[in-house]
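Student: There's a structure below that I have some questions on.
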Amino acid sequence: MFVATLDGIFKYADLPEEYEPYVQFKATIDKRELKPSDEIAILNIAGTSTHHVLFLDSYSSTAEIERELKEADAKINHTTLKIIGGHL
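Residue numbering for the sequence shown follows the working numbering, beginning at 154 and increasing consecutively.
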């Protein structure tokens, strides 16, 4: 199982360019139209060269995020979980 740590939480309008492909991919999967005000968490998946994208308004609890990551064979670290929980 991989460990997911927080790279950052951004408004879509302020998203660093390096994360754009990951966000676009996740938006396509979720059939989501991106808005400049969307709050997005970017998680780094340790031991890989990929990131996991969370559209924070899609979750009502950190347990939902933990379940999603478990399906991707990843576990979110405790500090990251607390930070994201403060944004839900």
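All residues carry an ideal CB built from backbone N, CA and C; glycine is no exception.
Keep in mind it's a predicted model, so treat the numbers as computed, not measured.
#1: Along the chain, where does the alpha helix (DSSP H) containing residue 222 start, and where does it finish?
#2: Look up residue 204 in the DSSP assignment and say whether it is helix, strand or coil.
#3: In the DSSP assignment, what are the bridge partners of residue 163?
#4: Kindly give me the distance between the Cβ atoms of residue 215 and residue 159, rounded to whole angstroms, as I take these residues to be in contact under 8 Å.
#5: Here's a check: name, in chain order, each residue in its chain whose Cβ is nearer than 7 Å to the Cβ of residue 154, leaving out the five neighbours to either side.
#6: Given this structure, state the Cα-to-Cα distance separating residue 173 from residue 235, to the nearest angstrom.
#7: Using CA coordinates, which residue listed in 193, 199, 156, 223 is at the minimum distance from residue 169?
#8: Locate the alpha helix (DSSP H) running through residue 228, then write down its first and last residues.
#9: So, at 6 Å on beta carbons, what are the nonlocal neighbours of residue 200 in its own chain, with the 5 sequence-adjacent residues on each side left out?
Tutor: Put simply:
#1: Here residue 222 is taken as the residue at index 69 of the sequence shown, counted from 1. That run of the alpha helix (DSSP H) goes 215-224.
#2: As a position in the sequence shown, residue 204 is number 51, starting the count at 1. The answer is strand: DSSP assigns residue 204 an E or B state.
#3: Sequence index remark: in the sequence shown, residue 163 carries index 10 (1-based). For residue 163, which the question treats as bridged, DSSP gives the partners 193.
#4: Residue numbering aside, residue 215 sits at position 62 when the sequence shown is read from its first letter. Residue numbering aside, residue 159 sits at position 6 when the sequence shown is read from its first letter. At roughly 12 Å, the Cβ-Cβ gap does not stay under 8 Å, so residue 215 and residue 159 are not in contact.
#5: As a first step, residue 154 must be located in the sequence shown, where it is residue number 1. Within the same chain, residue 154 has close Cβ partners 226, 227, 228.
#6: Counting from one through the sequence shown, the residue named residue 173 turns up at place 20. Counting from one through the sequence shown, the residue named residue 235 turns up at place 82. Answer to the nearest angstrom: the Cα atoms are 25 Å apart.
#7: Sequence index remark: in the sequence shown, residue 169 carries index 16 (1-based). Comparing Cα-Cα distances from residue 169 to each of 193, 199, 156, 223, the minimum goes to 193.
#8: Counting from 1 along the sequence shown, the entry for residue 228 is found at position 75. Per DSSP, residue 228 belongs to no alpha helix (DSSP H); it is in the beta strand (DSSP E), 227-229.
#9: Taking the first residue of the sequence shown as 1, we reach residue 200 at position 47. Cβ within range, chain order: 155.
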